[in-house]
Structures are given as structure tokens and as C-alpha cells.
Amino acid sequence: MSNRLFQWNDEDDNLSSSFNNVNNNNNNSSSIFPKSTSLFNNNNNSNYNIDFLPNDQDDDLMMMNDNKPLGINRVNSSRQFDDMMDSDIFNNTNDNQMQYNIDNSQQQEQQPQSQPQPQQVEFDYENIFNEKNKTDDFIYHYTLESVDLQTGNESKENIPIHLALNFLKLSQSKINSLKNELEQSYYLPNKKQIENNMHLYEFEKDTWDILSKLYIYRDIEKEKDRQESIVLQMQPSQTEVFNYLMKKNFEIRENSIIIQWLEEMASHIELNLDPVYWDHTLQDLKNKNKKTTAGKTTGNLVTELDADASSRQNVSIDKEDEKNQAKFLSTLWAFLRAGNKEGAIEFCVTVGQYWRAQTLLGFNYYDNETNIGNPYFNLWKSNCLDLSNKSQDLYERAVYGVMSGNLNSILQVSKNWYDYLWGYLKVLFDERIYQELKPYRSALSVEEDIEHLAPSSNLSQIHTPRDIINLLKTASPQDIKNQSKNPYHIIQQMIINDDYRALFDTCAQLISKTHQPIEFTRFAVMLILFFRKRQCYQDDIENGLDTGADDENSSENVIIHEYVKHLIGTQQHELVALYTSLFNSEKLRITVYSKFLETITDQATRQQCLGLAEQFNLNTQEIAQSVVKNITGSVSASIAESSSNNNNNAISSSATTLEDSTKIDSIKWLCFDKQLLIKAILSSNLLIREFIKSNKYNASSDLLKSLPKDIVAIAKQSSPLDEQDTNNIIKEFKDWENYLSANNRMNTWLQNYANQPKENLLSFKLSGKETYAQKLDIERRKKDYEEAFGQWNQNNIIHGQEAIAAINTVLGSGWLCPMENPVGEFDDDDENGIEINEIRKRCIPSLFKSLHTVLIGTDQMAKSSRLCNKIADERFKWFNVFTKSELQEILFLVRESSIKMLSSSF
70 MSNRLFQWND EDDNLSSSFN NVNNNNNNSS SIFPKSTSLF NNNNNSNYNI DFLPNDQDDD
130 LMMMNDNKPL GINRVNSSRQ FDDMMDSDIF NNTNDNQMQY NIDNSQQQEQ QPQSQPQPQQ
190 VEFDYENIFN EKNKTDDFIY HYTLESVDLQ TGNESKENIP IHLALNFLKL SQSKINSLKN
250 ELEQSYYLPN KKQIENNMHL YEFEKDTWDI LSKLYIYRDI EKEKDRQESI VLQMQPSQTE
310 VFNYLMKKNF EIRENSIIIQ WLEEMASHIE LNLDPVYWDH TLQDLKNKNK KTTAGKTTGN
370 LVTELDADAS SRQNVSIDKE DEKNQAKFLS TLWAFLRAGN KEGAIEFCVT VGQYWRAQTL
430 LGFNYYDNET NIGNPYFNLW KSNCLDLSNK SQDLYERAVY GVMSGNLNSI LQVSKNWYDY
490 LWGYLKVLFD ERIYQELKPY RSALSVEEDI EHLAPSSNLS QIHTPRDIIN LLKTASPQDI
550 KNQSKNPYHI IQQMIINDDY RALFDTCAQL ISKTHQPIEF TRFAVMLILF FRKRQCYQDD
610 IENGLDTGAD DENSSENVII HEYVKHLIGT QQHELVALYT SLFNSEKLRI TVYSKFLETI
670 TDQATRQQCL GLAEQFNLNT QEIAQSVVKN ITGSVSASIA ESSSNNNNNA ISSSATTLED
730 STKIDSIKWL CFDKQLLIKA ILSSNLLIRE FIKSNKYNAS SDLLKSLPKD IVAIAKQSSP
790 LDEQDTNNII KEFKDWENYL SANNRMNTWL QNYANQPKEN LLSFKLSGKE TYAQKLDIER
850 RKKDYEEAFG QWNQNNIIHG QEAIAAINTV LGSGWLCPME NPVGEFDDDD ENGIEINEIR
910 KRCIPSLFKS LHTVLIGTDQ MAKSSRLCNK IADERFKWFN VFTKSELQEI LFLVRESSIK
970 MLSSSF
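Take the position in the sequence shown, starting the count at 1, then add 69; the result is the number in the working numbering.
Spelled out as C-alpha cells, the structure:
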């Protein structure tokens, strides 16, 4: 394992000795740098100390920098950033926007306070996405559950940060997983899709990164900085003032955090370590001298090899040297774009550009107490500005544009939205620091002050990151304007602006009005979770600020609902409960989860889903009742009117349809909870009413069979309703049991009655002319008939008695009426009573006719003639449920049976 901070290819291993040679020669009179004080002068002596490499025994750096390219400090999280801040090598000039080239011995004071890290959940992030049977949705769900368990003892401020850092790691892990997938297979049919997904997760990672960085400061560090007491001296140095600004000026501090984020994203640099010595030009000059001696001339090349020769003589260098220099300048710019000035300086030294390394050292504010820094800062800056305007190479212009605040030269090499944002913000930040420190310059600095170092004209209307963001939307090249519309850039803008409500609204609009991948929707849900965990969100609610969260159509609920629909559609049933619990509206939680449960038919899965709902504090009782209500009321029942002149006394039984079976099955949702059993009985009563209105007697019987046998006893013991309501619900249920039993027994009797043996008795009479064989046949047939008739008659009596008893059970009570109102006299505004009376009018008259039929059929005419007494009984007042025509029909039947009874007595 390499112990170098900067790693290069094997063929360049000899560079290690080159570095050692440079370091060993630093104290010699032949040193490439003049004797002076410097940022890198750790010992405060008169020589530059250019020891860029860490100590060989520095194990932390060996581990941290293994397999990293030259000068690249890959910072992928706030935790890594803090770890780097603890190592000396990162306390030099790595983060120049925060360090401003302060002496390394004072760097620990200069560096902003390290970001406190909440306790981390121990996940195997490296392999978490390698289980192919686990979806990304499942992994995020698992992470949410685990983080929630792990943050029980966390402070309120740390919980959302804890959550964000875990999402950051998940995003990076997913990127690594997709990269591995692409690398392991040469040909993938969905390669394009994988690459697109990888880009999405890269945007997601970048967004979690800036979010965690900013809100660690906003929610944790800002208050600590506000409370910290810092006293400045009467004549403070620029170093002291800078430290004060980074602690107390919150705007500057936030800008530095955003710059750091933008620089970390640009930390991948492709290195070219070829020496930049103009060796081809040198060789051409040597050849030129020989040819000139022979009387010949060569091309228009420089005649001197100092750095200014080309511009001074207005001639060029060799084409190959131009190419090498262009590559070098491009790489040098990449170092500065990544915020790694130290790496840029080391890179210059590595490729032999020592003079250019010296030009990068000028950005050190002067500290008169320690005599460290650049006392000729303005002079240096003016020369950088001149280079940024006059150089022929765009990247050289950009390099010195960064040093001098020349925004135009920076934007010329900016390629994307991140580059533009960084360019504007870096120049704005440096200019703000320059102006803040200007009153604290040394006398020498004042003397060399240069008037034309005014801020870039582009900054005249720009004061905050919000201004920059708006400018990128409206006054930038078209491709940058288009990139500003990227959903992830929009979210990043809202995070920088610290406007979570606008963020929610924007995400909801993007999801509702444009086609966004599910990864974006899930990301939006996680953002909602993060902001809800913040104390600021809770304070807004407590202070009565309308967040819109309670509205069913609020942005938060729209986003969550969209994701829940995805989980339901992909049959990830075990994940639905958690996200449904995130709805701020109780009504919406019940509606969405009950709608989801309607699709579940397996009993084990039903029980699991209800258990998960209870785990995440959903109202399982209301949900179960809502499921039943939704299913049973989903399709209007077609009510078939019974024909009053139907000669068939058997009650019609329509076939049970699939819709009926679904409704019957829905009642089982109410059978998982003992306290809901009384609701199961109530819902069964209502569903049977619907079936009876539609002549669906078979479906009604199937419903009763589907319920637990002991449902009544357990429901009565566990009912949360008052005793009267409980008893009335159970009474109606038993009334339906009795009625359907009577209907079934009546049908059984009718079926038997219809099968009465039919034979002409005259056929059994002997005429005396029959042969012996004929006599035997007649006697055999007569015997068979008598046996069949006897069996039939016996069954007729048994089934008849059962039917009569079952019907009398129904008629011997206030059927379907409450116990306190057995006659069924209800108020006109009592909807339930009105429905009961309609059902009684539908069922009772036909039941009396059925009773009359079976009494006649079992030769019980005397009892049939007394049916009128039952109808007129004041205890139940059955006459109230008969129409006039129905009463006349019953009276006619009773009259007929009375006549038959009288006839049979003579």
C-alpha cells in the first residue's frame, strides 16, 4: 500500500525520488524559490519548506489516500471531511476558500469548527445493494426502520443529520453497485438504463451531500458559533478577522460550505505527468543555431526559454510543447476547480513548472504579527488579473481568473451548472473576504494598493447564492438555463435557499405534471422525512404557520401518495404501511391503506398487513371497517322486486356472483380483532339486507357460513359498544339466522313435496281377467308405491314440522326490530327503521303464505285457519307490514282452508 498522498501510474514511480530531491534542496542556496516567509514555512525560518508528502509512518494517510490520483482528496461525506480536517496535510491550503493560506502552525485555529457527527448506524453499505432479491425500495425502507431504532437517544438536532448521512451513503453504495454491474458484463441489454440510473443516483448523492453539509451548520454549528465569545484585539490581523468572520458571519460561512461542496464534486482529475520543459523548443533552437551557422533559417520560434518569452517576442513555441502546455494548464485548472491549491502547487513542481507554483503562492493574506503571508497581495493580484485577460490559453486565463476574481475568464471554461455556480460564488466569496479584510491591511499593503482591482462587473447585482441561482436561470447560456431545470438542481437550489416549503411544492409539481422516475419520487419522500425531523419544521407547526401538511392535497401528501401507489402497484406489500403512516391526514391514512387492503385476498398476508399497520400506528380498526365499507358499497346492488302474483311459494334464490363472494370475503377483515367482531356482525347484517333486497338468499347463507362459529359469544364479551347497541346488533344477526334457516327448511319441504309419488290408484284394481303374472306385477307395483308414498309422507311430515317450527320462530319475535321496539314503529326520520320496515314488508307476507302452504301440505288445516290470529296479534302487529291486497290474499287462503276443513268433517 502506498503511503503517498498522491498516487500515480507504475511507470512514474521514479517521481518519488524527484520529490525527495526537491525537498532536500529546499534549504540550499540554489533553491528554486527565493528566501522569504511562506504559508509552507512551518518552522518560521527564512526558507520555503516544500515538503508536500506526509510522514511515511502516517497510517491514517496511507489508508485514506491509497489508490487515489495525484492531489485528489476525495471527500464523499461530512464525516470524511472532518477526518481530513484532523490530518496535517489537509490543514495547509486544501480548502483555500476557508483557509486563505494561513500558516500551518495556526491552521487548527483557522479551520472552521469540525462538524459533529451523530452516531452512525452500522450497515454494510458496500454490499447492501448486492442482494438481488432485495429491491431498492426495500433497502431504503429497511434503512428508515433501522435508523429510527438507532436514534432513540440522539438529540433532536442530530436525528435529521443522521438520516441524511445514511441516505448519502446509500446513494454512493448504489452508484458503486451499478458501476460494478457495468464493469462485470461486456454486453448488457439494459446498459443505457443502468447508466441513466447511475446518473440519477449521482445527482441524489450530490444533493444529500450539500443538504447534510448545510444543515449540520444551520441546525447544530450555527448556534454554537453564535454562543461562542470571540474578542478581537484593538488592531487585529487579517488572520484573526478571517477567523472571526468564519465563526460569526453566517452568510460567509454558508457560502464557504457551498463552495466546498462544489469543489468536492470536481475532485476527479485525469493527470498527465509529462514534464513541461519546452524540450522540443529547446531542441529546435539547438538545431536552428546549427542551420543558421550553415546559412539556413528555421521556423518562427522563441529565441529565449523564459516563461514570458512567447508573449514578449510575440512568437510561438514548438507545437508539441504547446500541446503539452495546454494539457498541463487544463490539469492545473482542474486542481483549482477542485479547491486543491496545494495539489496544484505540487503538480507544478512535479512537471517542472516551478515558477508557476510560485505564482499560486501569492494568495496568502498577510499577518504582520507572524510575518507570514504575501505583503504585496494587491500587486500579485493585479498581475494575475493581467494574465487572466491577456493569455492566449483559456485555461491559463481561468487559472489566474480564479486568483484575481476575473469571472469572465472562469466562465469561458465552465461546462455545466455546477461550474457556473462555483465560478460566481467563488468570485463573490473572495471579493467579500477581500473587502472585509481590507481595513486590516498592513501599511505596506496600503502603499501598494491598486485602484483597478475593482470587483468583476458581473457581480454588481449579485449579493447572495439566491441571486446567482436566479441569474443562472435567466441570464446564462441556453445549455446552463436548461440544466437549471434539472429536477435535482432545482432541489439543490431550494436547499441552498433554505426553503423547504417551496421544495415540497416544486417536487409535487414535478411528480404530478412531468414523468419522473420512481427514484426521484422516493428521493422526494426521503427529503420530506428529513425536513420533518428538523426542529424548524416542528416549530413552524407549533407557531401556527400553515405548512399545508394537514391538507389531503398538500404537496407532501401528493408526493407520498405517488410513492405508495408505486409500492402497491409493484406488490411490495410489506413496505406500504410505513409510508402510509407518513400522511399527515388521518383520513388519508385510512383511505389509502384501506384501498390497498382491498386487493389482498390471502388471509396470512391480510394479517401481516394489519400487523404492520398497527406497528406504524395506523388506526387498524377504522381501516378494517373502511375496507369492508369500500368493498360492500363498491357496486350498487340491483334490487329485484318480488312479484306479488308469483304462484311459486318458494323464495327465489339468485346465484351468488363473484362480486357477492368478494363482499362476503371482505367481512373477514373485521375478524382479526376481537373488538371488531361486533362490527363484523353489524356489517354482516347490512350486507344480508342488501342481498335479501336482491333475492340473493344463497349469498346470504354463504355469508353466515363464512363467519367464525363462536363470533356471537366473543363479540358480546369484547364489544366496545354499549350493551343496548350490542344486544340489538346481535339480535338482528340472530333474526337473519332464523329467517334464512326458515327459508332453507321451507325450500327443503317444497322440494320433497314436489316429489310426491304419483300413481293412478285405479291401475292397482283387479278386473279378474288378469293372468297370474299380471297379478303379481300389479301387487309389486302397488307395494312399491305404498313404500315410496310412506317414505315421502314421513319426510313430508318431518320437513314440514321443521319448516313450521322455523317459520314460527321468526314470527314469534319482533323480527329485525330492536328489543325496545318489537312492533317496528319507527319515526319518519329514522333511516335505519325505514329500511327495516321495507325489508319486513318484503319478507313477512311471503313467510305467512309459506306457512299456510306447509300447513295445508301437512294436513294441518285447523292451524292454517288460525293464521289471521297471528297477523292480528298486538304483540308484533304483523298486519302493519301487509298491503291491502296481501291481506285479502291471506284471507282468501284461510277461507279456502276453512272450507276444506269443514268439508272434510262431514
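Even glycine gets a Cβ: it sits at the ideal position worked out from N, Cα and C. Since we're looking at a predicted model, the values are computed, not measured.
Pairwise C-alpha distance: residue j and residue i
i, j, result
"C886", "D771", "23 Å"
"F498", "S529", "13 Å"
"L454", "L340", "26 Å"
"I733", "S752", "10 Å"
"E292", "D608", "16 Å"
"W818", "I780", "30 Å"
"P508", "F446", "14 Å"
"I761", "T726", "14 Å"
"L456", "I230", "44 Å"
"Y662", "I867", "52 Å"
"G442", "G431", "8 Å"
"F961", "K953", "12 Å"
"N686", "K656", "14 Å"
"N160", "Q253", "Its pLDDT being 35, under 50, N160 is placed unreliably in this model, and the value from its coordinates should be taken loosely. Approximately 39 Å between the Cα atoms of the pair."
"I208", "S451", "55 Å"
"H642", "N551", "38 Å"
"N906", "E588", "57 Å"
"G474", "L579", "37 Å"
"V496", "T204", "44 Å"
"I940", "W884", "13 Å"
"N227", "L776", "51 Å"
"E611", "Y489", "39 Å"
DSSP state of residue i mapped onto helix, strand, coil
i, result
"I441", "strand"
"S723", "coil"
"E667", "coil"
"S460", "coil"
"L398", "helix"
"S972", "helix"
"N877", "helix"
"S483", "coil"
"S385", "strand"
"R909", "helix"
"H337", "coil"
"I531", "coil"
"P64", "Within the shown structure, residues of the chain are numbered from 70 to 975, placing residue 64 beyond reach of any answer."
"L1002", "An answer regarding residue 1002 cannot be provided, because it is not within the stretch 70 to 975 covered by the chain."
"Q672", "helix"
"R425", "helix"
"C886", "coil"
"L301", "coil"
"R849", "helix"
"F446", "helix"
"I197", "coil"
"F802", "helix"
Extent of the continuous alpha helix (DSSP H) run through residue i
i, result
"K785", "780-787"
"D548", "547-553"
"P556", "556-566"
"M315", "307-317"
"F573", "569-582"
"T590", "587-602"
"P229", "227-253"
"R48", "Since the first residue shown for the chain is 70 and the last is 975, residue 48 is missing from the structure and cannot be characterised."
"T276", "260-285"
"C937", "936-940"
"C417", "410-419"
Residues bridged to residue i [DSSP beta-bridge criterion]
i, result
"L370", "S385"
Within the segment 618-658, ranges of the alpha helix (DSSP H) (whole runs, at least 4 residues): 624-638, 642-649
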